[in-house]
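**Student:**
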Amino acid sequence: MLNIIICGAPGSGKGTQSKMIVNKYNLKHLSTGHILRQEISKQTELGKIAHSYISHGNLVPDDMIIEILVNTIKDGTVGFNGIILDGFPRTVVQAEALEKIMESRNETTTVLLDLRVEKEELISRLMKRGETSGRSDDNLETIKKRLDIYEEKTAPVNDFYKKINKYTPVDGTGTVEEIFARLSAAIDARVSQLNTQNIPA
Ligand code: AP5
Ligand code: MG
Numbered sequence: 100m101l102n103i104i105i106c107g108a109p110g111s112g113k114g115t116q117s118k119m120i121v122n123k124y125n126l127k128h129l130s131t132g133h134i135l136r137q138e139i140s141k142q143t144e145l146g147k148i149a150h151s152y153i154s155h156g157n158l159v160p161d162d163m164i165i166e167i168l169v170n171t172i173k174d175g176t177v178g179f180n181g182i183i184l185d186g187f188p189r190t191v192v193q194a195e196a197l198e199k200i201m202e203s204r205n206e207t208t209t210v211l212l213d214l215r216v217e218k219e220e221l222i223s224r225l226m227k228r229g230e231t232s233g234r235s236d237d238n239l240e241t242i243k244k245r246l247d248i249y250e251e252k253t254a255p256v257n258d259f260y261k262k263i264n265k266y267t268p269v270d271g272t273g274t275v276e277e278i279f280a281r282l283s284a285a286i287d288a289r290v291s292q293l294n295t296q297n298i299p300a
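This note's numbering puts the sequence shown at residues 100 to 300.
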C-alpha cells in the first residue's frame, strides 16, 4: 500500500496537492481539517467542540483526532492503493498513534512529504483565501496563531519521521503544477527505493 503523509504549515498547499495526488495514485484522501469542518457545518457535538478550538487557531485535542482517524480508516480503503493523510499527524502523540495503527494493519507509512513555503507567502495565500473561504480561521490574527502552533507542535513531527528515514522536504513554491511534479517525483523515488530494498510500499 502507498500511505503518504502530506505535511506543511497552514497554507502550504496540502489540500490543493492532495486532490491531484489522489487522482494520480488512486488513494483515499483523509483530511482531518475537512472532516472537522463538515462536523461544524452539521452542528454535531464533535463539531461544536472542534469549532471552539479551530476558530482560535488551536489544535483539536489528540484523543478526538485519533478517534476520527481510527473510524475513517476502519471505514475501509478497499479499491484504493492506499491513503493520503492531509493535516495529520500534527503532534508527536498523533504520529506515534498513527504508526501503531499502521502496524496493527500490517502496513507502514511510506513517506512524509513536507511542503516548504516561507511565512510571508503562507500569510499572503491564506489572507487571499480568507476573502472568499468563509473559514473562521482565515483572518490575520488566527493565521499568525496557527503558524505559531505549527512551529511549536507540528514541526517536531518532521524530526520524528527523520529519525525513521521517511522524511522528504519538497519546495512548495512555484505553480501548482510545478509543485505537483516535485511531489510525484518524490513519491516515485521513494517507491523505487523500497522496491530495490524489497520492502513492500
Ligand atoms: P486544516 O484544514 O488542516 O488547515 P491548515 O493546516 O491550517 O491548512 P490549510 O487547509 O489552511 O492549508 P493547506 O496546506 O491545505 O493549503 P491549501 O491547499 O488550502 O486544519 C484546520 C484546523 O483544524 C487546524 O488549525 C486545527 O484546529 C484543526 N485540525 C485539523 N487537523 C488536526 C489534527 N490532526 N490535530 C489537531 N487539530 C487539527 O492552499 C492554501 C491557499 O493557497 C488556497 O487558497 C490555495 O488555492 C492557494 N495555493 C495553493 N497552492 C498555491 C501555489 N502554488 N501558489 C499560490 N497559491 C496557492
Ligand atoms: Mg487544507
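Cβ atoms here follow ideal geometry from the backbone N, Cα and C, with glycine treated the same way.
Along the chain, which unbroken stretches of the beta strand (DSSP E) at least 3 residues long are found entirely within the segment 189-222?
**Tutor:** Listed in chain order, the complete beta strand (DSSP E) runs (minimum 3 residues) inside the segment 189-222 are 210-215.
**Student:** For the ligand MG, I want to know if residue 156 counts as a neighbour, meaning its beta carbon is within less than 8 Å of at least one of the ligand's heavy atoms.
**Tutor:** Here residue 156 refers to the residue found at position 57 of the sequence shown. False, no ligand heavy atom lies under 8 Å from that Cβ.
**Student:** Rounded to whole angstroms, what's the CA-CA distance from residue 238 to residue 232? Just pull it up for me.
**Tutor:** Here residue 238 refers to the residue found at position 139 when the sequence shown is read from its first residue. Here residue 232 refers to the residue found at position 133 when the sequence shown is read from its first residue. Computed Cα separation, rounded: 10 Å.
**Student:** When you compare each of 275, 103, 104 and 101 to residue 224 by their alpha carbons, which one comes out closest?
**Tutor:** Indexing the sequence shown from 1 puts residue 224 at position 125. Here the closest residue by C-alpha is 275.
**Student:** List, from N- to C-terminal side, the beta strand (DSSP E) runs of 3 residues or more that fit wholly inside the segment 235-267.
**Tutor:** As far as the segment 235-267 is concerned, it has no whole beta strand (DSSP E) run of at least 3 residues.
**Student:** The ligand MG and residue 130: does any heavy atom of the ligand fall closer than 8 Å to the residue's C-beta?
**Tutor:** On the sequence shown, residue 130 is found 31 positions in, with the first residue counted as 1. Yes - the ligand MG has a heavy atom lying nearer than 8 Å to the Cβ of residue 130.
**Student:** So, using beta-carbon positions, are residue 216 and residue 271 closer together than 9 Å?
**Tutor:** The residue you call residue 216 lines up with position 117 of the sequence shown. The residue you call residue 271 lines up with position 172 of the sequence shown. In contact: residue 216 and residue 271 (Cβ atoms closer than 9 Å).
**Student:** Does the beta-carbon of residue 113 have 16 or more other beta-carbons within 10 angstroms, so that it is buried, or is it exposed?
**Tutor:** By 1-based counting over the sequence shown, the position of residue 113 is 14. Buried, because 16 or more other Cβ atoms sit within 10 Å of the Cβ of residue 113.
**Student:** Skipping 5 residues on each side, what residues in its chain have a beta carbon closer than 8 Å to that of residue 254?
**Tutor:** Locating residue 254 in the sequence shown gives position 155, counting from the first residue. For residue 254, where only same-chain residues beyond five positions count, there are no Cβ hits under 8 Å.
**Student:** Measuring only between beta-carbons, confirm whether residue 134 sits less than 9 Å from chain D.
**Tutor:** The chain labelled as chain D is not found in the depicted structure, where only one protein chain is given.
**Student:** How big is the Cα-Cα spacing for residue 226 and residue 284?
**Tutor:** Position 127 of the sequence shown, counting from 1, holds the residue named residue 226. Position 185 of the sequence shown, counting from 1, holds the residue named residue 284. Distance between the alpha carbons of residue 226 and residue 284 is about 30 Å.
**Student:** Can you tell me whether residue 227 is helix, strand or coil according to DSSP?
**Tutor:** Locating residue 227 in the sequence shown gives position 128, counting from the first residue. If DSSP states are grouped into helix, strand and coil, residue 227 belongs with the helices.
**Student:** Rounded C-beta distance between residue 198 and residue 208? I'm assuming under 8 Å.
**Tutor:** On the sequence shown, residue 198 is found 99 positions in, with the first residue counted as 1. On the sequence shown, residue 208 is found 109 positions in, with the first residue counted as 1. Contact holds; Cβ gap of about 7 Å.
**Student:** Are the segment 239-247 and the segment 128-138 touching by the rule of at least three beta carbon pairs closer than 8 Å?
**Tutor:** Short answer: they don't touch.
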